[in-house]
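Asks:
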Amino acid sequence: MLMNLFFELAPTEKKCKRHFYEFMKDVHCRIIFHRKQIESGAIRESDPIPLVANSIASEVNLLCFDEFMVTNIADAVILSRLFSELFLRGCVVVVTSNFIPDNLYKDEINRDVFMPFINILKKELEVISLDSGQDYRRRKEKILPLYMSPLDSHTETLMNKLWDHMRKGQESLVLNISAKGGYKIHVPSSFKRVSRFSFFDLCDRSFSANDFVEIAMRFDVVFIDNIPFLKGDRKDWIRRFIMLIDVFYEYKICLIVSSEVDINNFFYDQLGTENFEFQRTISRLFEMFSVQYVSKHKIVMDAYKLLLLNKV
1400 MLMNLFFELA PTEKKCKRHF YEFMKDVHCR IIFHRKQIES GAIRESDPIP LVANSIASEV
1460 NLLCFDEFMV TNIADAVILS RLFSELFLRG CVVVVTSNFI PDNLYKDEIN RDVFMPFINI
1520 LKKELEVISL DSGQDYRRRK EKILPLYMSP LDSHTETLMN KLWDHMRKGQ ESLVLNISAK
1580 GGYKIHVPSS FKRVSRFSFF DLCDRSFSAN DFVEIAMRFD VVFIDNIPFL KGDRKDWIRR
1640 FIMLIDVFYE YKICLIVSSE VDINNFFYDQ LGTENFEFQR TISRLFEMFS VQYVSKHKIV
1700 MDAYKLLLLN KV
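Going by our numbering, the letters in the sequence shown line up with residues 1400 to 1711, in that order.
Right, here's the structure in full:
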């Protein structure tokens, strides 16, 4: 909300506010484009990064990133050089993050590659703490029972009933979405802008944030079945689930899920560095299941009301 207000009031037309995942996806596309130009001899430059910085700086002089977080080594390698070039061209960068610069990309492999970028952030940006000590998402109105637990026959019946009410007899289709890396993202079941996955379809595969963006751009409502209790020994699942919620929250996706544990217990206190990130994820889940959030998705509200009428 604070970032949105700042962006709206910023006195310049050349401004851009994007989720960091989206921005880096665009950066990689620009790098590929300029690299092809270099290889074809169309331009005499040898390094695509300054060319990417030129193109970005020609479009905007204010860049805003909400929920800044880096989890990809390919992004970490690019960032220090790209942002150095952007700052040289006079770009102003405003970022919100749950981490101070020194804690970005912490405990990741090859973090030394990322350190120059952290030093640039500390040099070029002023760090301001906005921690109020209050989680306002949890203070919203009551949540709708679209987060269902435990994993038993009753929960499965409710998930299937909601799915069927929303389908209204439409055929469920299996889809394969083409990802930027040349591979396919398998969607086990879908109709219109509604899809259904198991937790393992999404978080037990080597998906990146960009893959979740592809899903979020295709669908407005996502069912996720059989979310297990996420213990600290499955950090790969935890990281992907955090990324998934980050992306779906940014794209205002409506979630309908079944889980092994209640939403209030959807946290394991031995997660190490993921502890804070996971608490933020739970906070977002509370908001994503609130009446205020879900009411923007009429197809979901209609199906939910039908369930209530049928007393299922």
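We treat Cβ as the ideally placed atom computed from N, Cα and C, and that holds for glycine.
1) DSSP three-state label for residue 1627, please.
2) Out of 1477, 1656, 1472 and 1690, which one is the CA nearest neighbour of residue 1621?
3) To the nearest angstrom, report how far apart residue 1558 and residue 1412 are at their CA atoms.
4) In whole angstroms, give me the CA-to-CA distance for residue 1577 and residue 1583.
5) Kindly identify the DSSP beta-bridge partner or partners of residue 1657.
6) Would residue 1545 and residue 1659 be called neighbours here (beta carbons separated by less than 7 Å)?
7) Relative to the C-alpha of residue 1700, which candidate in 1602, 1649, 1573 and 1543 has its C-alpha closest?
8) Within 10 Å of its beta-carbon, does residue 1363 have 16 or more other beta-carbons around it, so buried, or fewer, so exposed?
9) Report buried or exposed for residue 1604, applying the criterion of at least 16 other Cβ atoms within 10 angstroms of its Cβ.
10) So what's residue 1410 in DSSP terms, helix, strand or just coil?
11) Under the DSSP definition of a beta bridge, which residues are partnered with residue 1462?
12) Could you pull out every residue in the same chain whose Cβ sits closer than 8 Å to the Cβ of residue 1402, ignoring the five residues on either side in sequence?
13) State the start and end residues of the unbroken alpha helix (DSSP H) segment that holds residue 1561.
14) Touch check for the stretch 1471–1485 and the stretch 1505–1517: three-plus C-beta pairs under 8 Å?
15) Grouping DSSP H, G and I as helix and E and B as strand, with all else coil, what is residue 1512?
16) Excluding five sequence neighbours on each side, which residues of the same chain lie with their C-beta closer than 8 Å to the C-beta of residue 1424?
17) So does the stretch 1418–1434 actually touch the stretch 1449–1456, counting three or more Cβ pairs closer than 8 Å?
18) Please state if the CB of residue 1476 and the CB of residue 1503 are separated by a distance shorter than 7 Å.
19) Report yes if the C-beta distance between residue 1589 and residue 1601 is below 7 Å; otherwise report no.
Replies: The relevant details are as follows:
1) Reduced to three states, the DSSP call for residue 1627 is coil.
2) 1656
3) 46 Å
4) 5 Å
5) Per the DSSP secondary-structure output, residue 1657 pairs in a beta bridge with 1547.
6) no
7) Sorting 1602, 1649, 1573 and 1543 by C-alpha distance to the C-alpha of residue 1700 places 1543 at the top.
8) Here the chain has residues from 1400 to 1711 only, and residue 1363 is not among them.
9) exposed
10) coil
11) 1415 and 1492
12) 1416, 1463, 1465, 1493 and 1495
13) 1552–1566
14) yes
15) DSSP places residue 1512 in helix when its eight states are reduced to three.
16) 1579, 1609 and 1612
17) yes
18) no
19) Against a cut-off of 7 Å, the Cβ pair of residue 1601 and residue 1589 comes out as no contact.
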